[in-house]
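In what follows, a structure is listed as structure tokens, so that the remarks can point back to it.
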Ligand SMILES: Nc1ncnc2c1ncn2[C@@H]1O[C@H](COP(=O)(O)OP(=O)(O)O)[C@@H](O)[C@H]1O
Ligand code: SF4
Ligand SMILES: [Mg+2]
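See below:
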């Protein structure tokens, strides 16, 4: 396979606190190919947002990347100096946040914010940047874009504002867009439209998308592949069809159970009892072991690394360890 | 917009009426104006006649209305102590106070905002920590103590700056006298302006810092960073502008209190302004001057408030609801 657009290897993110260091992300690895849509799912607190923040270098101190590498087209970006990283943000990696009501600066018009973003990254005159901004707004579906562009954010509804946010994230034509729960704060009636706009416009420009959500329905319809995070660790990653129709990790199976539209019968709905452990109370071995219906001895002692399961699919669960079991015996 | 202005103006008038009532009450409850005007030897009949002539036997409301009518025309009567029209006295002292307040206000604003922004952006540096510690001293030391300390250091020990008075002044126009145009006038301003402005500066600085830290945590600042805007654009374009919205209100009100607080500074530095005039009038129970001073300070507060509200309106587009209501 060709060189991936984004490659995350053994990423570790830590937050030093008074009561010791919290590991929010613990050795997470995944790739995103050119133009691909990678869905990222997991319960609230699983580390989805922190993963996104690590990629664009916006983890808030004292939090820090404590290990691993992040590469964009093979070039390391996790250890860049702040100015070099700033040039990548917006220009090569765009970001869409959850809440469109608070993502826009209330004191500037949409035009001012778009033009400022475009001209920060691309050498254009004010007039050219404005023309580009209008075209972009029009493309994300703002009616009468040429006129509305001079309005302030509070003149737009939530759905319209999220379109503006998407326009801003794409203003300098990034190769990768990280969308962190872009529809969670929106009215249900407009959620699908926003996802469609995001997906279409990224496809059109060849931009890859890392779509963070806890809505498996959205993943099923939108993503090419899906990564499942649990307690800061990668549980499973693979093509959407495979993961949805034949989830392998016991946690993923539980998650899939929570979307009735995809499973045929209601009795297949699986509930996962218990809740995700806090970062300072992650059990030894597999992080999922206290809740896992298939837990066995080894799970409580050794942490499972992701195990390759066919084409571009990995599962971090001892149930799938066959070859490695023998290896382990020899060591 | 128009409705907003009308409402604010009506509120201002109401406030002025209340203050006028308080000022007017001074005449009735603080000393006896007749005693203040005539000598010990005046007969009871003379006093009664004067009382009648001054309308002091009229019903309260009538007297109050007369007071307001006169005040609106700038007539506050004659000072008991100096036997001069009160308005003339005040106008002759006003430029000194306004120039002092203006300089302190501008200095307090510029340094307050500057230090506030600096300490918010460089939260952990030793410079920030020093500024914060010094600012604590600034808010906790009483004004007169700061004034006396400054006089001791700069006027007595180093003999660099004058310790009292306005220096030479130049007349500009009919009644304005300015100290800005002479060397001694400018030198004389430094110590009192610093003394008067220090408290306001630390207040503004702490406010700006707190507000800016708050703004820096908002989503739109995160999103601005995520778009790769430069630190300069994020800090001074996006964060500072949003910080200033609430700061404007407080700062404007501070300007009013600078004029009110000038009383202490003017006394310490023997600054010939309205504050010193007021202190002297209190000492001599010169009720007309006290009443006029109270009304003047209230008027300044009310006017500043009005301007601040309008500024707020100009800065924050969300308040300009005229177009917003129709859209969505
Ligand atoms: N500033 C911080 N300090 C300490 N822990 C943090 C901080 N920010 C996030 N975390 C922790 O990191 C974990 C992952 O958070 P996040 O990525 O926001 O989860 P989500 O998957 O819901 O987006 C959470 O357990 C959270 O408590
Ligand atoms: S490793 Fe063990 S505990 Fe963890 S998911 Fe697999 S079976 Fe369950
Ligand atoms: Mg999140």
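Residue numbers (this note's numbering), protein chains in the order written: chain A, 1 to 331; chain B, 332 to 659.
Just so you know, even glycine gets a beta-carbon here, dropped at the ideal spot from N, CA and C.
| Partners in chain B for residue 175(A), counting only beta-carbon separations shorter than 8 Å | Along the first chain, one-based indexing puts residue 175(A) at 175. Result: empty, since nearest Cβ-Cβ is about 13 Å, beyond 8 Å.
| query | What does residue 103(A) reach in chain B if we use C-beta pairs closer than 7 Å? | reply | Here residue 103(A) refers to the residue found at position 103 when the first chain is read from its first residue. What residue 103(A) touches in chain B: 550, 551 and 554.
| field | Runs of beta strand (DSSP E) wholly within the stretch 62–138 of chain A (minimum 3 residues, chain order) | value | Those beta strand (DSSP E) runs which fall completely within the stretch 62–138 of chain A and span 3+ residues are 64–72 and 93–96.
| message | Just verifying my parser: in three-state terms, what is the DSSP assignment at residue 288(A)? | response | Here residue 288(A) refers to the residue found at position 288 when the first chain is read from its first residue. It is coil, neither helix nor strand.
| task | Out of 511(B), 478(B), 509(B) and 506(B), state which residue places its alpha-carbon closest to the alpha-carbon of residue 495(B). | result | Indexing the second chain from 1 puts residue 495(B) at position 164. Distance check between residue 495(B) and each of 511(B), 478(B), 509(B) and 506(B) places 478(B) closest, using alpha-carbon atoms only.
| Alpha carbon to alpha carbon, how far is residue 657(B) from residue 148(A)? | Numbered from 1 along the second chain, position 326 holds the residue referred to as residue 657(B). Numbered from 1 along the first chain, position 148 holds the residue referred to as residue 148(A). Bear in mind that a pLDDT of 41 at residue 657(B), under 50, signals an unreliable position, so the model cannot answer this.
| field | residue 559(B) at chain A interface by Cβ criterion, 7 Å | value | The count along the second chain starts at 1 and reaches residue 559(B) at position 228. Contact of residue 559(B) with chain A is assigned, a C-beta pair being separated by under 7 Å.
| Going along chain B in order, which residues have a C-beta closer than 8 Å to the C-beta of residue 56(A)? | Residue mapping note: residue 56(A) aligns to position 56 of the first chain, counting from 1. The answer, in chain order, is 557.
| said: Using the Cβ count rule (16 or more neighbours within 10 Å means buried), how would you classify residue 457(B)? | reply: Taking the first residue of the second chain as position 1, residue 457(B) is located at position 126. Within a 10 Å sphere around the beta-carbon of residue 457(B) sit fewer than 16 other beta-carbons, which makes this residue exposed.
| query | With respect to 6 Å, is the separation between the Cβ of residue 135(A) and the closest non-hydrogen atom of ligand 1 below this value? | reply | Reading the first chain from its first residue, position 135 is the one you call residue 135(A). If you check the C-beta of residue 135(A) against ligand 1, you find no heavy atom less than 6 Å away.
| said: Using the three-state DSSP reduction, which class does residue 413(B) fall into: helix, strand or coil? | reply: Sequence index remark: in the second chain, residue 413(B) carries index 82 (1-based). Secondary structure of residue 413(B) (DSSP, three-state): coil.
| Going by DSSP, what residues sit across from residue 14(A) in a beta bridge? | As a first step, residue 14(A) must be located in the first chain, where it is residue number 14. DSSP output for residue 14(A) lists 23(A) and 64(A) as bridge partner(s).
| Residue ranges of each beta strand (DSSP E) run of no fewer than 3 residues wholly in the stretch 174–198 of chain A, ordered along the chain? | Within the stretch 174–198 of chain A, the beta strand (DSSP E) runs of at least 3 residues that lie entirely inside it are, in chain order, 176–180.
| said: Can you give me the C-alpha to C-alpha distance between residue 608(B) and residue 466(B), rounded to a whole angstrom? | reply: For the purposes of this step, residue 608(B) is taken as the residue at position 277 of the second chain. For the purposes of this step, residue 466(B) is taken as the residue at position 135 of the second chain. Looking at the two C-alpha atoms, the distance is approximately 31 Å.
| Secondary structure of residue 602(B), DSSP reduced to three states | For the purposes of this step, residue 602(B) is taken as residue 271 along the second chain, with counting starting at 1. Secondary structure of residue 602(B) (DSSP, three-state): coil.
| message | At a CB distance below 9 Å, what residues from the stretch 632–648 of chain B approach chain A? Give them in sequence order. | response | Answer in chain order: 646, 647 and 648.
| message | Rounded to the nearest angstrom, what separates residue 617(B) and residue 415(B) at their Cα positions? | response | Position 286 of the second chain, counted from the start, is the residue given in the question as residue 617(B). Position 84 of the second chain, counted from the start, is the residue given in the question as residue 415(B). Straight-line Cα distance between these residues: approximately 12 Å.
| message | Considering just the uninterrupted stretch of the alpha helix (DSSP H) at residue 641(B), what are its terminal residues? | response | The residue labelled residue 641(B) in the question sits at position 310 within the second chain. From DSSP, the alpha helix (DSSP H) with residue 641(B) extends over 618–646.
| task | With a threshold of 6 Å, establish whether the CB of residue 48(A) neighbours any heavy atom of ligand 3. | result | Here the question's residue 48(A) lines up with position 48 in the first chain. For ligand 3, at least one heavy atom lies less than 6 Å from the Cβ of residue 48(A).
| query | For ligand 2, any of its heavy atoms closer than 6 Å to the Cβ of residue 294(A)? | reply | Counting from one through the first chain, the residue named residue 294(A) turns up at place 294. Flag set: Cβ of residue 294(A) near ligand 2.
| query | Span of the alpha helix (DSSP H) holding residue 523(B)? | reply | Residue 523(B) sits at position 192 when you count from the first residue of the second chain. First-last of the alpha helix (DSSP H) with residue 523(B): 514–547.
| field | When 223(A), 170(A) and 27(A) are compared against residue 33(A), the one with the closest alpha-carbon | value | The sequence position of residue 33(A) within the first chain is 33, counting from 1. Residue 33(A) has its Cα closest to that of 223(A), out of 223(A), 170(A) and 27(A).
| field | 6 Å CB neighbourhood of residue 442(B) in its chain, flanking five on each side removed | value | On the second chain, residue 442(B) is found 111 positions in, with the first residue counted as 1. Same-chain partners within the cutoff: 532.
| said: Let me make sure I understand the geometry here. Which of 400(B), 587(B) and 578(B) has the alpha-carbon closest to that of residue 642(B)? | reply: Counting from one through the second chain, the residue named residue 642(B) turns up at place 311. Each of 400(B), 587(B) and 578(B) was checked against the Cα of residue 642(B), and the nearest Cα belongs to 578(B).
| field | Within-7 Å CB hit, residue 107(A) to chain B | value | Here residue 107(A) refers to the residue found at position 107 of the first chain. By this cut-off, residue 107(A) is an interface position.
| DSSP puts residue 509(B) in a beta bridge; with which residues? | As a working mapping, residue 509(B) is identified with position 178 in the second chain. According to DSSP, residue 509(B) bridges with 501(B).
| query | Quick one: which chain A residues come within Cβ less than 7 Å of residue 569(B)? | reply | As a working mapping, residue 569(B) is identified with position 238 in the second chain. Contact annotation for residue 569(B) against chain A: 105 [CB-CB distance below 7 Å, chain order].
| query | Should the stretch 223–233 of chain A be called in touch with the stretch 42–56 of chain A, which here means at least 3 C-beta pairs below 8 Å? | reply | Contact between the stretch 223–233 of chain A and the stretch 42–56 of chain A is present, because at least three Cβ pairs lie under 8 Å.
| task | Consult DSSP for residue 239(A) and reduce its assignment to one of helix, strand or coil. | result | For this step, residue 239(A) is matched to residue 239 along the first chain. Correct three-state label for residue 239(A): strand.
| Three-state secondary structure assigned by DSSP to residue 152(A) | Counting from 1 along the first chain, the entry for residue 152(A) is found at position 152. Coil at residue 152(A), not helix or strand.
| said: Closer than 6 Å to a non-hydrogen atom of ligand 2 - does that hold for the CB of residue 234(A)? | reply: The count along the first chain starts at 1 and reaches residue 234(A) at position 234. No; taking the cut-off as 6 Å, the Cβ of residue 234(A) has no heavy atom of ligand 2 nearer than that.
| residue 332(A) (DSSP reduced to helix, strand or coil) | This structure leaves residue 332(A) out entirely; chain A is present only between 1 and 331.
| task | Starting from the beta carbon of residue 91(A), find every residue of chain B whose beta carbon is closer than 8 Å, and list them in chain order. | result | As a position in the first chain, residue 91(A) is number 91, starting the count at 1. What residue 91(A) touches in chain B: 559.
| request: Give the C-beta separation of residue 619(B) and residue 407(B) to the nearest angstrom, bearing in mind that I take them to be a contact with Cβ-Cβ under 8 Å. | output: As a working note, residue 619(B) is residue 288 in the second chain. As a working note, residue 407(B) is residue 76 in the second chain. At roughly 5 Å, the Cβ-Cβ gap stays under 8 Å, so residue 619(B) and residue 407(B) are in contact.
| message | Which residues in chain A have a C-beta closer than 7 Å to the C-beta of residue 591(B)? List them in chain order. | response | Residue mapping note: residue 591(B) aligns to position 260 of the second chain, counting from 1. Going along chain A, no residue has its Cβ under 7 Å from residue 591(B), so there is no contact; the nearest lies around 32 Å.
| task | Spell out whether any CB of chain B is found under 7 Å from the CB atom of residue 97(A). | result | The count along the first chain starts at 1 and reaches residue 97(A) at position 97. Closer than 7 Å: yes.
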